[in-house]
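Sequential numbering of the sequence shown, starting at 1058, is according to my numbering. Beta carbons are placed, not taken as given, at the ideal position from N, Cα and C, and that holds for glycine. On a predicted model such as this, the values are computed, not experimentally measured, just so you know. Below: one structure, written as structure tokens.
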Amino acid sequence: MFHVILADDERETLNLLESLIHWEELNLFLLGEAENGNDLCDKVDILSPHIVLIDMNMPGIHGAELIEHLTQIEHGPKVIVISGYDDFSYTKAAINSKITGYLLKPVDEDELNDTLQKAINELRSEQIAQQQKMQVAISVHKSQNILQAQSFWEHIENDTFSLSSLSEFLPPSFSGPLSFFQVCAFRFINLKDICSQIFKGSSSLLLYGIKNIVEEFFSDYGICYCNNQTKEFLLLLVRKIDSANLSVLLEQACHALLKSLSIQTYIGVSSHHTNCENISLQYSNALYAVDN
């Protein structure tokens, strides 16, 4: 299911759009509405929709500035522009920003739903491309990753981490004395459904994709490991990060997982310790936090 935000400063237009869209047929869900550009930008940042339909002439940030902002967001939504003005400058701005579609008011029902289908096709093509990229990477690294992950989880389960054993799992960039350790435990609500729908039942492929996305945000701070048998996933931080920055990065990672893989995520965070002998306990505490 793909999530949609509608944005227009006229309530009548919002109601009309909601009535014209073939929600069930296109497998779309109305995530929210906005009546000005600033509110829309805030909701896009918080809710991470797959598609936004925007009016070009709302209060606040609008027009070409709004389009530029939305289309430059990493993992951002597909943008469909709606305008009551057949103005070439708007059309030119829309084309140059590589939006998905440009519709004129009054909106035609068939044209609207055809444009939404185009956005869905683009999203699915991107998901397929990402899946193929992951499959190539897995074929190269699968055996090594599985053996290393098994060893890592054995240390977690047996509570046997030491600085020496931990160094086997850290890349060279983390060489040197370590005195900061913190664990984040991830819970994925719809893992089974997404695995079946997008990854043809391959949980290892899906978990590998999740790992790659989380590492985009935390490669400077720590390492991620997933357990292919239990589907557990943890992030071990070994470089100091304050709680505010950690919250921001975790929120961004959750948005990226939702946007790229439609994965819904909850995260529990342990307190930080100065030695690695408490990593197993920290993981237990992080699991308790996410489950309660």
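Three-state secondary structure (DSSP) of residue i
i: E1090; result: strand
i: K1135; result: strand
i: G1233; result: coil
i: V1061; result: strand
i: Y1278; result: coil
i: H1330; result: strand
i: D1112; result: strand
For residue i: DSSP bridge partner residues
i: T1322; result: F1245
i: Q1239; result: L1294
i: S1140; result: L1161
i: D1096; result: Note: D1096 sits in no beta bridge, so no partner.
i: L1223; result: DSSP lists no partner for L1223.
Same chain, Cβ closer than 7 Å to residue i, neighbours up to 5 away in sequence not counted
i: H1330; result: F1238, Q1339
i: S1105; result: H1312, L1315, K1316
i: G1258; result: C1252
i: H1119; result: G1094, M1113
8 Å Cβ shell around residue i - same chain, five flanking residues per side excluded
i: R1296; result: F1231, F1237, D1277, Y1278, G1279
i: F1275; result: C1281, L1292, L1294, L1306, A1310
i: I1255; result: Q1184, Q1188, L1263, L1318, S1319
i: E1166; result: L1077
i: S1222; result: H1212
i: W1080; result: F1086, L1087
i: K1288; result: F1245, L1248, S1260, L1264
Cutoff 6 Å; reference residue i; Cβ partners in own chain excluding five residues on either side
i: A1176; result: I1108, K1135, T1157
i: I1246; result: Q1321
i: L1351; result: No statement about residue 1351 is possible, as the shown extent of the chain runs from 1058 to 1349 and does not include it.
For residue j and residue i, believed in contact at Cβ under 8 Å, the rounded distance
i: L1063; j: L1110; result: 5 Å
i: N1284; j: S1261; result: Their Cβ separation, rounded to whole angstroms, is 11 Å, which puts N1284 and S1261 out of contact at 8 Å.
i: S1219; j: C1333; result: 7 Å
i: A1343; j: S1327; result: 4 Å
i: L1161; j: I1137; result: Rounded, the Cβ-Cβ distance is 12 Å, inconsistent with contact.
i: K1155; j: T1172; result: Contact flag wrong, Cβ pair sits at about 14 Å.
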